[in-house]
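There are 4 protein chains.
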Amino acid sequence: MGTAPRIDTSVPTLGPCKVDNPLPYCHHIDDSSKMPLYLSSEILDGATSKNVYEFEEAGPRQKIYFDPPKTKCAIVTCGGLCPGINDVIRAIVMSAHHNYHISGIYGIRYGLQGFIPKYKHDIMELTPDSVRDIHEFGGTILSSSRGPQAPEEIVDALERMNISVLFMIGGDGTMKAAGSVTEEVLRRGLKISIIGIPKTIDNDINFVTRSFGFDTAVEKATEAIRCAHIEALGAPGGIGMVKLMGRESGFIAAQASLALKEVNFVLVPEAPFELHGPDGFLVQLKTRLEQRQHAVIVVAEGAGQDLCRIDNQVDLSGNPILGDICDVLRSEIKKFFAAEDFPYTLKYIDPSYIIRSIPANSNDRIYCGFLGQHAVHAAMAGKTGMVVSKLQERYLYLPLPLVTAKRRKLNIYSNYWRSVMESTGQPQSMFNCATKA
Amino acid sequence: MGTAPRIDTSVPTLGPCKVDNPLPYCHHIDDSSKMPLYLSSEILDGATSKNVYEFEEAGPRQKIYFDPPKTKCAIVTCGGLCPGINDVIRAIVMSAHHNYHISGIYGIRYGLQGFIPKYKHDIMELTPDSVRDIHEFGGTILSSSRGPQAPEEIVDALERMNISVLFMIGGDGTMKAAGSVTEEVLRRGLKISIIGIPKTIDNDINFVTRSFGFDTAVEKATEAIRCAHIEALGAPGGIGMVKLMGRESGFIAAQASLALKEVNFVLVPEAPFELHGPDGFLVQLKTRLEQRQHAVIVVAEGAGQDLCRIDNQVDLSGNPILGDICDVLRSEIKKFFAAEDFPYTLKYIDPSYIIRSIPANSNDRIYCGFLGQHAVHAAMAGKTGMVVSKLQERYLYLPLPLVTAKRRKLNIYSNYWRSVMESTGQPQSMFNCATKA
Amino acid sequence: MGTAPRIDTSVPTLGPCKVDNPLPYCHHIDDSSKMPLYLSSEILDGATSKNVYEFEEAGPRQKIYFDPPKTKCAIVTCGGLCPGINDVIRAIVMSAHHNYHISGIYGIRYGLQGFIPKYKHDIMELTPDSVRDIHEFGGTILSSSRGPQAPEEIVDALERMNISVLFMIGGDGTMKAAGSVTEEVLRRGLKISIIGIPKTIDNDINFVTRSFGFDTAVEKATEAIRCAHIEALGAPGGIGMVKLMGRESGFIAAQASLALKEVNFVLVPEAPFELHGPDGFLVQLKTRLEQRQHAVIVVAEGAGQDLCRIDNQVDLSGNPILGDICDVLRSEIKKFFAAEDFPYTLKYIDPSYIIRSIPANSNDRIYCGFLGQHAVHAAMAGKTGMVVSKLQERYLYLPLPLVTAKRRKLNIYSNYWRSVMESTGQPQSMFNCATKA
Amino acid sequence: MGTAPRIDTSVPTLGPCKVDNPLPYCHHIDDSSKMPLYLSSEILDGATSKNVYEFEEAGPRQKIYFDPPKTKCAIVTCGGLCPGINDVIRAIVMSAHHNYHISGIYGIRYGLQGFIPKYKHDIMELTPDSVRDIHEFGGTILSSSRGPQAPEEIVDALERMNISVLFMIGGDGTMKAAGSVTEEVLRRGLKISIIGIPKTIDNDINFVTRSFGFDTAVEKATEAIRCAHIEALGAPGGIGMVKLMGRESGFIAAQASLALKEVNFVLVPEAPFELHGPDGFLVQLKTRLEQRQHAVIVVAEGAGQDLCRIDNQVDLSGNPILGDICDVLRSEIKKFFAAEDFPYTLKYIDPSYIIRSIPANSNDRIYCGFLGQHAVHAAMAGKTGMVVSKLQERYLYLPLPLVTAKRRKLNIYSNYWRSVMESTGQPQSMFNCATKA
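So the protein lines, in turn, are chains A, B, C and D.
Counted from 1, the first sequence has number 85 at position 85 by our numbering; the numbering is strictly sequential.
Counted from 1, the second sequence has number 180 at position 180 by our numbering; the numbering is strictly sequential.
Counted from 1, the third sequence has number 377 at position 377 by our numbering; the numbering is strictly sequential.
Counted from 1, the fourth sequence has number 350 at position 350 by our numbering; the numbering is strictly sequential.
Encoded structure:
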């Protein structure tokens, strides 16, 4: 079994907690009582299913660090939209107000831009009344933006506004920014808690089994797949192609294909493939069309990047700009089938912005409610430099470095992926070398 | 008032009806009793709201032409998908079977290709059992294809298969093909009834107030607009752009904009616009963003074709290939805002195939049910060269030439269009000359 | 053909219009130019399809009666919920504000109670901002109540509040109240316009082809029917029973049965039936179960009232309290099948409050938008004692007495009803005498 | 910490596995390698969060017991409907056919009745083609029934039909029946595998974190709650009451209340309450109405049974017949508010059969897919007397006695329940004694 890899699961705090938690009737969580969990290698490189790790359990503490009537909080939402952001905002506001009676909650508008004076964005005061119905709408009432801002300027703004707690809802880049802001706060000797709530529709956050909004996204993605299937059935040589989110991990593509078993090819970043040759994608597609007259292809946006030749460019968030694999596929399909004189009809659906912007479903809504509540419990107890996570059905507090260390990916040697392959019927590999092996 | 334009509303028949209609408890419609309707100029060029025309009312006749036990029918579906096709198929099968007890109903597969031997498409036998649940699925169980086939070959196939009635579900091109087939049948002296059920998701069929599937399409289109709105709100300078169907008429774009009042610009083929200059679209868009920080744009695919420079190409169905106006808009917006140094974020949604391929909603489902039933009543009474239409809440039988004479278009001088403009708040015209007028 | 019945279609006005309509780019409607329509006997007793009547067309007038900056409006919503009320409110507010720039719009809370001081209900000021998103929610933001209030007290309140226009959204009783209020206004020589927007989920308003919310209600009702069908299929001798709205008219039950063709029995107020005897409902139900092992029954709440023995009681709105026909059916089914020793399982669904309280679909939303706009156009032109209606695809202004004269009912001798019967397969009559006839 | 309670987690088998698993590319699970899990006291009485237990991991085994070409399977579905049954059936058929190529799969119709000759129910042959689209429909294509049948007769039927594997999908009673059938098989020395897939919409199965269909049910239940809220807002003193499933456990009521935060009172079986007295439900309800003019009440059907006085009757499945708590509440509310002269309007929604009979959502669909696959893997490996379960995100094989030992219940001292209480704002207890404590 070898030696289990070591990780630091301890969460930083601003100092000892001396204030009584005002929360009534509460089953308080004791910091010293750790939650043991078995981690598999999919969560932690090198771990086996027998390695136990101890984590801080999320929840209200008996004593808290901040004195609620003197505490102001701020919330900022960064990066692309994802179902459930408004639910998290709502839960933070409701919990901070009703459980802790804190003195003010402020919404920073347009992401980290909202901290920077030159952008001249307003601040929103958030109250139970102003957030009452926001969960019925997708998106974020605070708006968002991409890209980093200087941690110094952010902490300047927090100081100016007299903020004790900053809740940062965002993706990988935002969690890294949260780390820099935490450090800058520490450097200045300030007592400001920085709490991250990781958001990624790609579901690729390390140490988070399922990121919020993912379940809603999969549900909505199946609608597009159903339509692609109907379109494929509706024409001779019908091909329905659906592009789904997934820059580095194919979770949505895989999960949606399991949910609606009409998919014949799932292309994900974790499983490279060749286009040409006897085992390549194009021949496989033609074979499928000859046998069944139609085909449904689901493509994660980050699939087949080796086939897309893009210079090393990054977007505002610092993510590499992806080549458009669906463009490549469509033009290669066109050339290949023209050469083969094989008539086909391709219908292409890109539902990304329809998926990202819908309200959360019940499952995600409940999840977001707990994420928001636990973020407030953590903040009030003076924890900082951490995120709220759900891992194996437990809500946990994790130090920021754990979740930003790497991106979670599909294990293409797992029985999960095998089930995906089975449900599509596609070959285990679309590499020409594969047949010779 | 001038002279009312004259039109021929009489429907051809194969001959006198001598067989008793087996339909029990029926309120039979008498051919000689015409349905008078006032037609406006939007339906008939030159007509005023005081001009009365007489039409054949749809419904069962007391005597029918074909002897049911000796009658075989065929159904073919052509062109693009549209919600409700399966409902029409189902209604034809159920009515032919349960009302008239005809001897066989056959589904021609893959559109008009299905008649041509070289394509080797199978024929499907259609029974109440085989069509029982098809209304729960979008698309067409018969599949479809684009493009004409020789009327002679189609009539050859009808003769070979001993078909007495052919139901043709399709768009403008299919209705013209129905006319050619009717003529070829007449030329050969055959007794085959050709009945059209016009299908167009663009809702641009002449003498049809609302084509089937349109209501469902509008409902689904509003979902995409809602998402575009949420995306636009979610970023600084947020623009949400939605491309909707509408090659020559902007009905879906207009109706969906009325249904979800978040749209700020509706661009339709009937209302040309300029991009540049003080009254052009780009300046208007910038003004909107300055005032409200976000904008939602709905574009009918046929809008602004003068701005798209495409050679005169046609697709398989004979329709001109449209330039991609959204491509033009996006690149012009990029150039313009770059020149103005105005930051923006544009999210583009093309929901076309998601809209076309969903099942019909209740409203369309009921409508399709009546279209199918009335098609069977017409066929059994020996009518031919006609379509079933719903005009001003009456089901009518119309001769084919009436509906193929021209495409219906939005009247941009109507109070309907004024309501659309009001709900968007966009200027009445985006022509620079307009300001001088 | 006999003599056509005469009706008075003229709409009262408060006086001559002298103020210019501020609406730009408008296709103004001229009062003197009437809209001719053919009315059938289903709309007007004794009319034939050849009788033409002339109506006032809805829309903006070139000159208006009220001076907008001096005009205050009020809106009240009465009776039960119905999809689309918020859309009508929103359209009135938006049109009054943006088109006419009137000085204030007030929402009367909790129906007519809101006018009566003793109830102490607040008044809501309605602005474009406060109504912006209300169409995304069902119900009415003003709340509602049942029952009449003295017209004198209502007019007292209008005088006190200095209201020039009252928009009344409600059912039959509310339209009658609108009549009394109009008379009281007239008696006092006041210049207050009373405009009704008829609301009835039963779709039984005279001279209104389809009342707002009806289409949404039918769509939602089909969901319940689908569930009843699945439940019926899921057990031996499975019976699924769905109770739908329809106190005196079975429109929803009939329409929903057409939309989802899984219904085997539709019971409506217009078609009485017997329970017992060889042709009665119970024997028919047993026959169906023997043949197909399951049955779906849709019951309009007002069906079979002769079987329910209830004293002559009325509810707060003055409507007779109905006997619970589904209670009777269930207990009679229990007795009958017990006596026959025939095992069955009955699942009963009453989706009424789920149907009434959902947001309007796109179709109804657009409809409500026009109703609200046309109500404002009418009011500003000084019309009173009238309702806005849509008849044969035209928006019209009708005097109140036309719509309160009688309730619209299903014609059970029409081809529409025959189609319903065909889709269910139920016998044309469930009267024992019927067989002998 | 005390002594950890001991449980037997070993799964019985029919004998040693000697046949190669035909499944390609597979990550085989080794029987001897156990999956360790920490169990809390909510799963196992007396366990603490530090007690580790070892379970059999679900999945394909390298060697299997049955020889596929000689193996016939049967599937039976028992008890009430629940979203996802068809998905489980589909997954079993697909996996048995495509993974193991077994020789025949048979559907037993109408639950355990289907085994008993006197009922004369047909057997359905199940093939990939016949189950292809069944996941798009709710219910069970096999139909179901309630109540036990003699294990001897069931095993007689299995012998007659030459069945090697029986998959039993059903609730608590069915799992007990599975135990009896397993014993009868053993008694006769037969080699028939009995595999249970526990089904309960109440989510109260022991050792199953979330039963299939539960997530779908919660999502649908929130729709009814939203409607109840709108109805409550729509009338003076508006009360919306929703009855949800939950005979002995309030999971759906609690979860749905968390998902849609409009609920003011959640009544569940685990938390008894008093109606009268200063701390009782009725006074609390009145207080809420006085403060906010409306209230939403969610009631699990098994709540407040001490208030319902029903004799000890049981239904066909052997479950106690519950008193109708909503009847009691409605009549007590009527009496109480009449006595207090407090006007109110109560709208009551019972969505049970609408919730049970819808198709599964994506989340449940994927879950059901894995349950079905793992059931087949277990069966082919000769396991018997067991169920497939998902516990803390792992699919496990559990011996039948573990899951039938007791029903899972809400822990009303947990932070989960506290979150429910917080989201409703209802008092922690509605016992009069509570105030004195």
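Glycine included, C-beta positions come from ideal geometry on N, C-alpha and C.
When the Cα atoms are used, what is the spatial distance from B:Q426 to C:E136? Here residue 426 of chain B is taken as the residue at index 426 of the second sequence, counted from 1. Here residue 136 of chain C is taken as the residue at index 136 of the third sequence, counted from 1. One C-alpha to the other measures close to 23 Å.
Starting from B:F137, follow the beta strand (DSSP E) in both directions and report where the run begins and ends. Locating residue 137 of chain B in the second sequence gives position 137, counting from the first residue. From DSSP, B:F137 is part of no beta strand (DSSP E); its letter is neither H nor E.
Can you have a look at D:A405 and say buried or exposed, based on whether 16 or more other CB atoms are within 10 angstroms of its CB? Taking the fourth sequence and counting its residues from 1, one reaches residue 405 of chain D at position 405. D:A405 should be labelled exposed.
Can you tell me where the alpha helix (DSSP H) holding B:R394 begins and where it ends? The count along the second sequence starts at 1 and reaches residue 394 of chain B at position 394. First-last for B:R394: 394 to 399, but that is the beta strand (DSSP E), not the alpha helix (DSSP H).
Reduced DSSP category for D:P12 - H, G, I as helix; E, B as strand; rest coil: To locate residue 12 of chain D, count along the fourth sequence from 1; it is residue 12. If DSSP states are grouped into helix, strand and coil, D:P12 belongs with coil.
Pair within 8 Å by beta-carbon distance, D:A378 and D:Y348: Your numbering for residue 378 of chain D matches position 378 in the fourth sequence. Your numbering for residue 348 of chain D matches position 348 in the fourth sequence. Result no, Cβ atoms of D:A378 and D:Y348 do not sit closer than 8 Å.
Under 8 Å between beta-carbons, which chain A residues line up against C:E136? List them in chain order, please. As a working mapping, residue 136 of chain C is identified with position 136 in the third sequence. Going along chain A in sequence order, the residues near C:E136 (Cβ under 8 Å) are E136, F137.
Tell me, please, whether the CB atom of C:P18 is closer than 8 Å to any CB atom in chain B? Here residue 18 of chain C refers to the residue found at position 18 when the third sequence is read from its first residue. The sequence shown places Lys at residue 18 of chain C, not Pro. Answer no: the Cβ-Cβ gap between C:K18 and chain B never drops below 8 Å.
Which listed residue (A:A259, A:L260, A:Q293, A:G302) has its alpha carbon closest to that of A:F273: For the purposes of this step, residue 273 of chain A is taken as residue 273 along the first sequence, with counting starting at 1. Out of A:A259, A:L260, A:Q293, A:G302, A:G302 has the C-alpha closest to the C-alpha of A:F273.
Is it right to say D:S331 is buried, meaning 16 or more other beta carbons lie within 10 angstroms of its own, or is it exposed? Numbered from its first residue, the fourth sequence carries residue 331 of chain D at position 331. Flag for D:S331 reads exposed.
Closest Cα partner of B:Y53 within the set B:G59, B:R61, B:L44: Here the question's residue 53 of chain B lines up with position 53 in the second sequence. When only C-alpha atoms are compared, the closest one is B:L44.
So B:R61 contacts chain C; which residues on that side make the cut at Cβ distance below 7 Å? Taking the first residue of the second sequence as position 1, residue 61 of chain B is located at position 61. By Cβ distance, chain C contributes nothing, its closest Cβ being about 12 Å from B:R61, past 7 Å.
For a contact defined as C-beta to C-beta under 7 Å, what are the partners of A:I366 on chain D? If you number the first sequence from 1, residue 366 of chain A lands on position 366. Near A:I366 (Cβ distances below 7 Å), the residues of chain D are Q255, L258, A259.
Check the Cβ-Cβ distances between B:S10 and every residue of chain D, and say whether any is below 8 Å. The residue labelled residue 10 of chain B in the question sits at position 10 within the second sequence. Taking Cβ atoms only, chain D never reaches closer than 8 Å to B:S10, which makes this a no.
With DSSP as the reference, label B:Y119 as helix, strand or coil. One-based indexing of the second sequence puts residue 119 of chain B at position 119. Residue state, collapsed to three classes: helix.
Based on Cα-Cα distance, which residue from A:G139, A:C73, A:P83 lies nearest to A:I123? Working through the first sequence from its first residue, we reach residue 123 of chain A at position 123. Per the Cα distances, A:C73.
Determine which residues of the region 347 to 359 of chain D have a Cβ less than 8 Å from any Cβ of chain C, and write them out in chain order. K347, Y348, I349, D350, P351, Y353, I354, R356, S357, I358
Chain A contact residues for B:T140, given Cβ-Cβ distances below 7 Å: To locate residue 140 of chain B, count along the second sequence from 1; it is residue 140. By Cβ distance, chain A contributes G234.
Does the Cβ of C:K199 have 16 or more other Cβ atoms within 10 Å, making it buried, or fewer, making it exposed? Working through the third sequence from its first residue, we reach residue 199 of chain C at position 199. When all chains shown are included, C:K199 counts as buried.
Using the three-state DSSP reduction, which class does C:I89 fall into: helix, strand or coil? Taking the third sequence and counting its residues from 1, the one referred to as residue 89 of chain C is at position 89. C:I89 falls in the helix class under three-state DSSP.
Sequence-distant residues of the same chain with beta carbon closer than 8 Å to A:K390, five excluded per side: By one-based count along the first sequence, residue 390 of chain A stands at place 390. Answer for A:K390: V208, T209, R210, Y367, F370, L371, L396, listed in chain order.
Buried or exposed, going by whether 16 or more other CB atoms sit within 10 Å of the CB of C:H101? Taking the third sequence and counting its residues from 1, one reaches residue 101 of chain C at position 101. Classification of C:H101: exposed, given that the 10 Å Cβ count is below 16.
At what residue ranges does the region 174 to 198 of chain C contain a whole run of the beta strand (DSSP E), taking only runs of 3 or more? 193 to 198
Would you tell me roughly how many angstroms separate the C-alpha atoms of B:E223 and B:P83, rounded to the nearest one? Within the second sequence, numbered from 1, the residue matching residue 223 of chain B stands at position 223. Within the second sequence, numbered from 1, the residue matching residue 83 of chain B stands at position 83. If you take the alpha carbons of B:E223 and B:P83, they lie about 16 Å apart.
Between D:I358, D:P68, D:V131, D:A256, which has its C-alpha nearest D:S419's C-alpha? For this step, residue 419 of chain D is matched to residue 419 along the fourth sequence. The candidate whose alpha carbon is nearest that of D:S419 is D:A256.
DSSP on C:H294, reduced to helix/strand/coil? For this step, residue 294 of chain C is matched to residue 294 along the third sequence. Reduced to three states, the DSSP call for C:H294 is strand.
A:S423, DSSP secondary structure in three states: Within the first sequence, the letter at position 423 stands for residue 423 of chain A. Reduced to three states, the DSSP call for A:S423 is helix.
In the DSSP assignment, find the beta strand (DSSP E) that holds A:K50 and state where it starts and stops. For the purposes of this step, residue 50 of chain A is taken as residue 50 along the first sequence, with counting starting at 1. Counting along the chain, A:K50 falls outside any beta strand (DSSP E), and DSSP gives it neither H nor E.
Determine the chain A residues that contact D:Y53 at a beta-carbon separation under 9 Å, and present them in chain order. Translated into the one-based positions of the fourth sequence, residue 53 of chain D becomes position 53. Per Cβ cutoff of 9 Å: no residues; D:Y53 is ~12 Å from chain A at best.
Just the C-alpha distance for C:Y416 and C:I358, rounded to the nearest angstrom, thanks. By 1-based counting over the third sequence, the position of residue 416 of chain C is 416. By 1-based counting over the third sequence, the position of residue 358 of chain C is 358. The alpha-carbon atoms of C:Y416 and C:I358 are separated by roughly 27 Å.
Quick one: is A:N86 buried, meaning 16 or more other Cβ sit within 10 Å of its Cβ, or exposed? Taking the first residue of the first sequence as 1, we reach residue 86 of chain A at position 86. Buried.
Looking at D:L23: is its Cβ nearer than 8 Å to the Cβ of D:P60? As a working note, residue 23 of chain D is residue 23 in the fourth sequence. As a working note, residue 60 of chain D is residue 60 in the fourth sequence. Contact: yes.
Give every residue of the same chain whose Cβ lies closer than 7 Å to the Cβ of C:H229, excluding the five residues on either side of it in the sequence, and list them in chain order. Translated into the one-based positions of the third sequence, residue 229 of chain C becomes position 229. Once the five neighbours on either side are set aside, the close Cβ partners of C:H229 are G240, E262, V296.
So which residues on chain F does D:P272 lean against when the C-beta distance must stay under 7 Å? Annotation note: the requested chain F is absent from the structure, which comprises protein chains A, B, C and D.
How is C:D215 classed by DSSP in three states: helix, strand or coil? Mapped onto the third sequence, residue 215 of chain C falls at position 215. Looking at C:D215 - three-state DSSP - the assignment turns out to be helix.
So is A:Q113 in contact with chain B if we call contact Cβ pairs under 8 Å? Taking the first residue of the first sequence as 1, we reach residue 113 of chain A at position 113. Taking Cβ atoms only, chain B reaches closer than 8 Å to A:Q113, which makes this a yes.
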